[in-house]
Amino acid sequence: MATVYCIKIAHLPDGINSEKLAAMFNIPQHNIAIPDNQRGPNYYAWVNGFLNESSATQFVKKWNHFKIGSGKITCKIADKISKVQCSRPPSMPRASGNGADPSSRENQTFISSTDSKRHRSLDPT
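Residue numbers (this note's numbering): 934 to 1058.
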């Protein structure tokens, strides 16, 4: 079974959504998960789907300490030993009246560290 790597991105601006992050990182939106009910300086997201450590490391090197708004984000490859589940449902924009359809969540494909059969790669190869 292949190991799928994921990255935790911390210190995000409060209220950012997966659509904005996907556009910024130039990756598929379904590879970004932002847990609901976050507030304050510890706002974070997961970027899933790296098929090898090298591609995950390249992402971290490119985006770690990148400035978004008035702060800098931090990127770290999730500890393979930890019990962290990298995949979570995608976030919906938090502003009301934005036309987001929560029912579209069920049609998303996600990657977990144990599900290598249904993965979508962030690797261009």
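The C-beta atom is built at its ideal place from N, Cα and C for all residues, glycine as well. Computed from a predicted structure; not experimentally measured.
Limits of the beta strand (DSSP E) - the one that A978 falls within: Where A978 is concerned, the enclosing beta strand (DSSP E) stretches over 977-983.
If you count every other CB in all the chains shown that lies within 10 Å of the CB of A956, and 16 or more means buried, which is it? By the beta-carbon neighbour count (other beta carbons within 10 angstroms, threshold 16), A956 is exposed.
Would you tell me roughly how many angstroms separate the C-alpha atoms of I940 and S987, rounded to the nearest one? For I940 and S987, the distance between alpha carbons rounds to 12 Å.
Within 8 Å, strictly: CB atoms of A978 and A966: A Cβ-Cβ contact shorter than 8 Å links A978 with A966.
Going residue by residue through the segment 937-1001, where are the continuous alpha helix (DSSP H) segments of at least 4 residues, counting only ones entirely within it? Within the segment 937-1001, the complete alpha helix (DSSP H) runs of at least 4 residues are 951-958, 986-996.
Counterpart residues of I1010 in DSSP-defined beta bridges: Listed as beta-bridge partners of I1010 by DSSP are I940.
Check this for me: beta carbons of V937 and F999, under 8 Å apart or not? Note that the C-beta distance between V937 and F999 is not below 8 Å.
According to the neighbour-count rule (16 or more other Cβ atoms, all chains shown, within 10 Å of its Cβ), is N959 buried or exposed? Exposed is the call here.
Any idea if N950 is buried or exposed, counting beta-carbon neighbours within 10 angstroms, 16 or more meaning buried? Under this definition N950 is a buried residue.
Can you tell which of R972, Q971, N975, N964 has its C-alpha closest to the C-alpha of N981? N981 has its Cα closest to that of N964, out of R972, Q971, N975, N964.
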